[in-house]
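*Asks:* Following this message is one structure expressed as structure tokens.
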Amino acid sequence: MAEGFDIDHLAKLARLSLTAEEKALYSSQLSQILGHFQALANADLPATIDDARVVDEAALRSDEPGPVLGAEAVTRIAPASRDGQISVPRVVDDES
Amino acid sequence: MADALHTLSAAELGRRLAAGTLTSRALCEALIVRYQAVNDKVGAFTHLDQADVLAQADASDARRKAGQGRGPLEGIPVAIKDNIAVKGQPLTCSSKMLAPLVSPYDSHVAERLRAAGAILYGRLNMDEFAMGSSTENSALRKTFNPWDLARIPGGSSGGSAAALAAGLVPLSLGSDTGGSIRQPASHCGVVGLKPTYGLISRFGLVAFASSLDQIGPMARSVEDCELLLNALASADARDMTCFGPSDRALTPAGDAKQLRIGIPKGFLGKGVAPEVAAAVNAAVEFYRAQGCAISEVELPSADLAVPTYYVVATAEASSNLGRYDGVRYGHRSATAGTPVEMMTASRSEGFGPEVKRRILLGTFVLSAGYADAYYVRALRARAKIRAEYLAALAGVDVLLTPTVPTPAFKVGEKASDPLQLYLEDIFTIPANLAGLPAISVPCGKSGHLPVGFHLVGAPLSESKLLAAGRLFEAAHGYADQQAAL
Chain A
1434 MAEGFDIDHL
1444 AKLARLSLTA
1454 EEKALYSSQL
1464 SQILGHFQAL
1474 ANADLPATID
1484 DARVVDEAAL
1494 RSDEPGPVLG
1504 AEAVTRIAPA
1514 SRDGQISVPR
1524 VVDDES
Chain B
622 MADALHTLSA
632 AELGRRLAAG
642 TLTSRALCEA
652 LIVRYQAVND
662 KVGAFTHLDQ
672 ADVLAQADAS
682 DARRKAGQGR
692 GPLEGIPVAI
702 KDNIAVKGQP
712 LTCSSKMLAP
722 LVSPYDSHVA
732 ERLRAAGAIL
742 YGRLNMDEFA
752 MGSSTENSAL
762 RKTFNPWDLA
772 RIPGGSSGGS
782 AAALAAGLVP
792 LSLGSDTGGS
802 IRQPASHCGV
812 VGLKPTYGLI
822 SRFGLVAFAS
832 SLDQIGPMAR
842 SVEDCELLLN
852 ALASADARDM
862 TCFGPSDRAL
872 TPAGDAKQLR
882 IGIPKGFLGK
892 GVAPEVAAAV
902 NAAVEFYRAQ
912 GCAISEVELP
922 SADLAVPTYY
932 VVATAEASSN
942 LGRYDGVRYG
952 HRSATAGTPV
962 EMMTASRSEG
972 FGPEVKRRIL
982 LGTFVLSAGY
992 ADAYYVRALR
1002 ARAKIRAEYL
1012 AALAGVDVLL
1022 TPTVPTPAFK
1032 VGEKASDPLQ
1042 LYLEDIFTIP
1052 ANLAGLPAIS
1062 VPCGKSGHLP
1072 VGFHLVGAPL
1082 SESKLLAAGR
1092 LFEAAHGYAD
1102 QQAAL
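Have a look at this one:
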């Protein structure tokens, strides 16, 4: 089960930028950890995952408005804000 | 008397406050003196707003004077792990990703503590985002074991346990995803309880692995642990996994001397240090001498617990930590280009090595082509482990094991070997996978280092665990031991 993995692909999926040293270190450590997970591949396991849940999370609460933080509290903790809104890098190019 | 206040239990402090022989201000001032004397040595706290603490204490004293005291925790300080939100206090998860965030709201447990009149007393160090077993993964500071300052306090709630053992505070809150309350409690010689999944609301707890995370009480005695548990446990619709009012009645404790105690076969063998095994065996013999029925039980899939946990927990963590993108809160890289480059740079700069390792692992076990082999098989193993624990607990009241196989190790000793660190949690993980309550109770020493035993019970059997702990504690007096600092 502990097949090889592509550390560059994983980093891209996880939105992480890794140095060459980090790639080498994590590749080695993840290989070792995945080797330990081999016990799962060899185990006799039940066919379903129904009993894996420890509480019934199927019931949704009613969709009712509740208290919210408000723009002032939210923008106070944002990395950057302007005119009561969170500012982010430009998403759409000028030409588009 | 003031210089000894840091050694007293919350229950005793409560009695003195109620009798009028002590004020909350005098107590908090004494604890601040203690903080100034020893926190730099131990490193348990990452933040303490002394003026705010004294203002809360004065408000508590005024309530009591006006006959409006709110119960047994009125005026008692409770320190809080830095992943549980308290309005106006830092909420960093000991991570560069969140520091210096100040929480704009209270968690449910903070609301409960305020309603009980407790003093919300400072922020406690932890492994970054609760990922670790030694508190060495904190990006803010090191925490050391008060019993031996060259050793780790355990983790991830290392600050919560070390603060108690150092006499910095009488009560603390931790969170437990795979043993993060119980393992540091064992290493620091204090009591830590992970409640039944669903008993305490996680509203305001920063999510790590949502199907496993629980907030729980920590204290120097079982009695104090119960006092804090009683204040925290209540229904809360904001956490959809939290039991409603009609589903949360605890099983009565009964007579602790009549308990049926199961010893899982093989758990005291391979990998358990001889001194740990001796201390835990002595606890078993104590219970036998009290009249408890001791029997051996089978948990054949126990060896699957660690790999199952690290697949499930990292999968959930990789999803939960996706929210840290540098947009709404937390660290934003100054090298931002496009939105994706900004997110990638912010996450790469903000997260530490263990968090990155677990995000990568969780991303892998959920990725196309591997999810069935890893994540789905881990869920099937989790179902099997849970079924085996529930079957065992149908025949006995509690399962007794060591909390941790070995005593606290030296700082740095396992820092380069994540797999060895993961095995620290081998006895504590199954309770999280199965949603069961569990407690660590001090039961002796290995040399100068504390050792704890671990009790696991059926869902909502917290009262039985606490009664068993009280019986042991009353006969041994470990709650009165203090680390010399």
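Sequence lines, in order, name chains A and B.
Start counting the first sequence at 1434; every next residue gets the next number (the numbering used here).
Start counting the second sequence at 622; every next residue gets the next number (the numbering used here).
Glycine residues also receive a C-beta, built at the ideal position from the N, C-alpha and C atoms.
Pick out whichever of B:R953, B:V986, B:R979 has its Cα sitting closest to the Cα of E1107 of chain B.
*Replies:* In the structure as shown, chain B begins at 622 and stops at 1106. Residue 1107 of chain B is therefore absent and cannot be evaluated.
*Asks:* Going by the beta-carbon positions, is the gap between Y742 of chain B and V674 of chain B smaller than 7 angstroms?
*Replies:* Against the second sequence, residue 742 of chain B aligns to sequence position 121. Against the second sequence, residue 674 of chain B aligns to sequence position 53. For Y742 of chain B and V674 of chain B, yes; Cβs fall inside 7 angstroms.
*Asks:* Between which two residues does the beta strand (DSSP E) harbouring I740 of chain B extend?
*Replies:* Taking the second sequence and counting its residues from 1, one reaches residue 740 of chain B at position 119. Note, I740 of chain B: beta strand (DSSP E), 740-745.
*Asks:* Any contact of the stretch 816-826 of chain B with the stretch 851-862 of chain B, i.e. 3+ C-beta pairs under 8 angstroms?
*Replies:* The answer is yes - the stretch 851-862 of chain B touches the stretch 816-826 of chain B, with three or more Cβ pairs under 8 angstroms.
*Asks:* Count the other C-beta atoms from every protein chain shown that fall within 10 angstroms of the C-beta of A881 of chain B, then say buried if there are 16 or more, exposed otherwise.
*Replies:* Counted from its first residue, the second sequence places residue 881 of chain B at position 260. Checking the displayed sequence, the identity of residue 881 of chain B turns out to be Arg instead of Ala. Label assigned to R881 of chain B: exposed.
*Asks:* Expressed to the nearest angstrom, what Euclidean distance is found between the alpha-carbon atoms of A1447 of chain A and L981 of chain B?
*Replies:* Locating residue 1447 of chain A in the first sequence gives position 14, where the first residue counts as 1. Locating residue 981 of chain B in the second sequence gives position 360, where the first residue counts as 1. Approximately 7 angstroms, taken between the alpha carbons.
*Asks:* Determine the extent of the alpha helix (DSSP H) in which P805 of chain B is found, giving its start and end residues.
*Replies:* Against the second sequence, residue 805 of chain B aligns to sequence position 184. Taken as a continuous stretch (DSSP letters only), the alpha helix (DSSP H) holding P805 of chain B covers 803-809.
*Asks:* Taking P928 of chain B as part of the alpha helix (DSSP H), name the residues at either end of that continuous run.
*Replies:* Here residue 928 of chain B refers to the residue found at position 307 when the second sequence is read from its first residue. 926-941 is the extent of the alpha helix (DSSP H) around P928 of chain B.
*Asks:* Is the Cβ of I980 of chain B closer than 7 angstroms to any Cβ of chain A?
*Replies:* Translated into the one-based positions of the second sequence, residue 980 of chain B becomes position 359. Yes, its Cβ sits closer than 7 angstroms to a Cβ of chain A.
*Asks:* Nearest chain A C-beta to A858 of chain B closer than 7 angstroms, yes or no?
*Replies:* Walking along the second sequence from the start, residue 858 of chain B turns up at place 237. Closer than 7 angstroms to some Cβ of chain A, the Cβ of A858 of chain B qualifies, so yes.
*Asks:* Can you give me the C-alpha to C-alpha distance between A786 of chain B and P721 of chain B, rounded to a whole angstrom?
*Replies:* Along the second sequence, one-based indexing puts residue 786 of chain B at 165. Along the second sequence, one-based indexing puts residue 721 of chain B at 100. Rounded to whole angstroms, A786 of chain B to P721 of chain B spans 27 angstroms at the Cα level.
*Asks:* Whole angstroms are fine: how far does the CA of G883 of chain B sit from the CA of S916 of chain B?
*Replies:* Against the second sequence, residue 916 of chain B aligns to sequence position 295. Against the second sequence, residue 883 of chain B aligns to sequence position 262. Roughly 5 angstroms between the two C-alpha positions.
*Asks:* Where does R637 of chain B fall in DSSP's three states?
*Replies:* Working through the second sequence from its first residue, we reach residue 637 of chain B at position 16. Here R637 of chain B sits in helix by DSSP.
*Asks:* From which residue to which residue does the alpha helix (DSSP H) around F1093 of chain B run?
*Replies:* Stepping through the second sequence from its first residue, residue 1093 of chain B is reached at position 472. Unbroken alpha helix (DSSP H) run through F1093 of chain B: 1083-1097.
*Asks:* Please name the residue, chosen from B:H808, B:P816, B:D1046, that lies closest to L794 of chain B on a Cα-to-Cα basis.
*Replies:* Start at 1 with the first residue of the second sequence, and residue 794 of chain B comes out as number 173. Taking only the C-alpha atoms, the option nearest L794 of chain B is B:P816.
*Asks:* Against chain A, with Cβ distances strictly below 7 angstroms, would K1005 of chain B count as a contact?
*Replies:* Looking up residue 1005 of chain B in the second sequence gives position 384. Taking Cβ atoms only, chain A reaches closer than 7 angstroms to K1005 of chain B, which makes this a yes.
*Asks:* For A1059 of chain B, write down the residues that DSSP places opposite it in a beta bridge.
*Replies:* One-based indexing of the second sequence puts residue 1059 of chain B at position 438. In DSSP, A1059 of chain B forms a bridge with B:K815, B:V1077.
*Asks:* Buried or exposed for P1500 of chain A, please, with buried defined as at least 16 other CB atoms from any protein chain shown within 10 angstroms of its CB.
*Replies:* As a first step, residue 1500 of chain A must be located in the first sequence, where it is residue number 67. The residue is exposed, with fewer than 16 neighbouring Cβ atoms inside 10 Å.
*Asks:* Quick check: the Cα distance between F1438 of chain A and G1517 of chain A, rounded to an integer number of angstroms?
*Replies:* As a position in the first sequence, residue 1438 of chain A is number 5, starting the count at 1. As a position in the first sequence, residue 1517 of chain A is number 84, starting the count at 1. Roughly 44 angstroms separates the two Cα atoms.
*Asks:* Looking at the secondary structure, which residues open and close the beta strand (DSSP E) in which E917 of chain B lies?
*Replies:* Reading the second sequence from its first residue, position 296 is the one you call residue 917 of chain B. Here the beta strand (DSSP E) through E917 of chain B covers 914-918.
*Asks:* Please classify I1050 of chain B: does DSSP put it in a helix, a strand, or coil?
*Replies:* For the purposes of this step, residue 1050 of chain B is identified with residue 429 of the second sequence, where counting begins at 1. The answer is helix: DSSP assigns I1050 of chain B an H, G or I state.
*Asks:* Using DSSP with H/G/I as helix, E/B as strand and the rest coil, what is K891 of chain B?
*Replies:* Taking the second sequence and counting its residues from 1, one reaches residue 891 of chain B at position 270. Note: K891 of chain B maps to coil in three-state DSSP.
*Asks:* Do S796 of chain B and L761 of chain B have their C-beta atoms closer together than 7 angstroms?
*Replies:* Numbered from its first residue, the second sequence carries residue 796 of chain B at position 175. Numbered from its first residue, the second sequence carries residue 761 of chain B at position 140. No, the pair does not count as a contact, with Cβ atoms beyond the cut-off.
*Asks:* Between the stretch 789-810 of chain B and chain C, which residues of the former have CB atoms less than 9 angstroms from a CB of the latter, in chain order?
*Replies:* Absent from the structure: chain C. Protein chains present are A and B.
*Asks:* Closer than 8 angstroms, Cβ to Cβ, to anything on chain A: give me those residues from the stretch 948-961 of chain B, in chain order.
*Replies:* Listed by position along the chain: V948, R949, Y950, G951, H952, R953, A957, G958, T959, P960, V961.
*Asks:* So is L1086 of chain B in contact with chain A if we call contact Cβ pairs under 7 angstroms?
*Replies:* Walking along the second sequence from the start, residue 1086 of chain B turns up at place 465. Closer than 7 angstroms: no.
*Asks:* Within 10 angstroms of its Cβ, does N1475 of chain A collect 16 or more other Cβ (buried), or is it exposed?
*Replies:* Here residue 1475 of chain A is taken as the residue at index 42 of the first sequence, counted from 1. Burial call: exposed.
*Asks:* So, does the CB of T713 of chain B fall closer than 7 angstroms to a CB anywhere in chain A?
*Replies:* Here residue 713 of chain B corresponds to residue number 92 of the second sequence, with the count starting at 1. No, its Cβ sits nowhere closer than 7 angstroms to a Cβ of chain A.
*Asks:* Can you give me the C-alpha to C-alpha distance between A904 of chain B and A858 of chain B, rounded to a whole angstrom?
*Replies:* What you label residue 904 of chain B is simply residue 283 of the second sequence in a count that begins at 1. What you label residue 858 of chain B is simply residue 237 of the second sequence in a count that begins at 1. Going by the C-alpha atoms only, they are around 40 angstroms apart.
*Asks:* Using a Cβ-Cβ cutoff of less than 8 angstroms, which residues in the same chain neighbour A894 of chain B once the five nearest sequence positions on both sides are dropped?
*Replies:* Taking the first residue of the second sequence as 1, we reach residue 894 of chain B at position 273. P1026, T1027, P1028, S1067, listed in sequence order.
*Asks:* Taking the alpha carbon of P873 of chain B as the reference point, which residue from B:S1037, B:L1087, B:T756, B:P921 has its own alpha carbon closest?
*Replies:* For the purposes of this step, residue 873 of chain B is taken as the residue at position 252 of the second sequence. Looking at the Cα atoms, B:L1087 is the closest of the given residues.
*Asks:* Identify the contact partners of G1039 of chain B in chain A, using a Cβ-Cβ distance below 9 angstroms as the criterion.
*Replies:* Taking the first residue of the second sequence as 1, we reach residue 1039 of chain B at position 418. One detail in the question is off: residue 1039 of chain B reads as Pro in this sequence, not Gly. By Cβ distance, chain A contributes Q1462, Q1465, I1466.
*Asks:* Can you grab the Cα-Cα spacing for the pair E919 of chain B / Q835 of chain B, in whole Å?
*Replies:* Numbered from its first residue, the second sequence carries residue 919 of chain B at position 298. Numbered from its first residue, the second sequence carries residue 835 of chain B at position 214. Their backbone Cα atoms lie some 26 angstroms apart in a straight line.
*Asks:* Whose C-beta lies closer than 7 angstroms to the C-beta of V1017 of chain B among residues of the same chain, with five residues either side of it excluded?
*Replies:* On the second sequence, position 396 is the one that residue 1017 of chain B refers to. The residues are R881, I882, G883, S916, V918.
*Asks:* I want to verify the contact list: residues of chain B whose CB lies under 7 angstroms from the CB of A1511 of chain A, in sequence order.
*Replies:* Position 78 of the first sequence, counting from 1, holds the residue named residue 1511 of chain A. Under the 7 angstroms cutoff, chain B gives R949, Y950.
*Asks:* Show which residues of chain B have a CB atom less than 8 angstroms away from the CB atom of E1444 of chain A.
*Replies:* Within the first sequence, residue 1444 of chain A is the residue found at index 11, counting from 1. What sits at residue 1444 of chain A in the sequence shown is Ala, not Glu. Within 8 angstroms Cβ-Cβ: L981.
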